[in-house]
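K.L.:
Residue numbers (my numbering): 57 to 204.
Glycine residues also receive a C-beta, built at the ideal position from the N, C-alpha and C atoms.
Keep in mind it's a predicted model, so treat the numbers as computed, not measured.
Sharing a structure here in structure tokens format.
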């Protein structure tokens with residue numbers, strides 16, 4: 057796959073609250089590279105209009121996925137099948153301690169595309185808050201038939 061890619065991130069937090077589910081979806085340009093058996097993605101996102109961009113780094117392999125955010129939000133989240141991993145999610149308003157338990161990981165690799173689907177349970181301060189799914193797809197910018 058080429059270095060310049062379009063990255064499609066789609067997520068859903070299914071919460072038992074009056075507000076209900078929280079969907080997110082972005083499509084952004086980014087960078088891709090493959091090293092030591094793992095796929096790496098890098099992209100920037102603006103969390104608000106005044107701040108600096110947050111840089112996102114995603115490492116995808118058959119063993120799992122890691123997401124790092126650096127900027128207004130800082131975190132290092134690890135998704136491994138059947139394991140509960142702890143992460144600190146730091147924002148300008150404070151830091152949250154999260155538990156991430158991946159229940160399903162599906163990796164699809166092809167010549168011009170990579171896709172990872174992760175289902176996981178999220179807890180804050182040892183209490184379950186949501187069941188979540190995260191779909192990440194990267195495809196070369198010049199690949200014909202890019203589909204969202």
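Relative to the alpha-carbon of residue 79, which residue among 86, 65, 96 has its alpha-carbon at the smallest distance?
P.N.:
Checked all of 86, 65, 96; the closest Cα to residue 79 is 65.
K.L.:
Can you give the Cα-Cα distance for residue 167 and residue 83, rounded to whole angstroms?
P.N.:
Distance between the alpha carbons of residue 167 and residue 83 is about 20 angstroms.
K.L.:
Express the C-alpha separation of residue 109 and residue 94 in angstroms, rounding to a whole number.
P.N.:
Distance between the alpha carbons of residue 94 and residue 109 is about 25 angstroms.
K.L.:
Can you tell me whether residue 107 is buried or exposed, with buried defined as 16 or more other CB within 10 angstroms of its CB?
P.N.:
Per the 10 Å Cβ criterion, exposed.
K.L.:
With C-beta atoms as the reference, is residue 88 less than 8 angstroms away from residue 57?
P.N.:
Taking 8 angstroms as the Cβ cut-off, residue 88 and residue 57 qualify as a contacting pair.
K.L.:
Tell me, please, which residues DSSP counts as bridged to residue 68.
P.N.:
DSSP lists 79, 189 as partners of residue 68.
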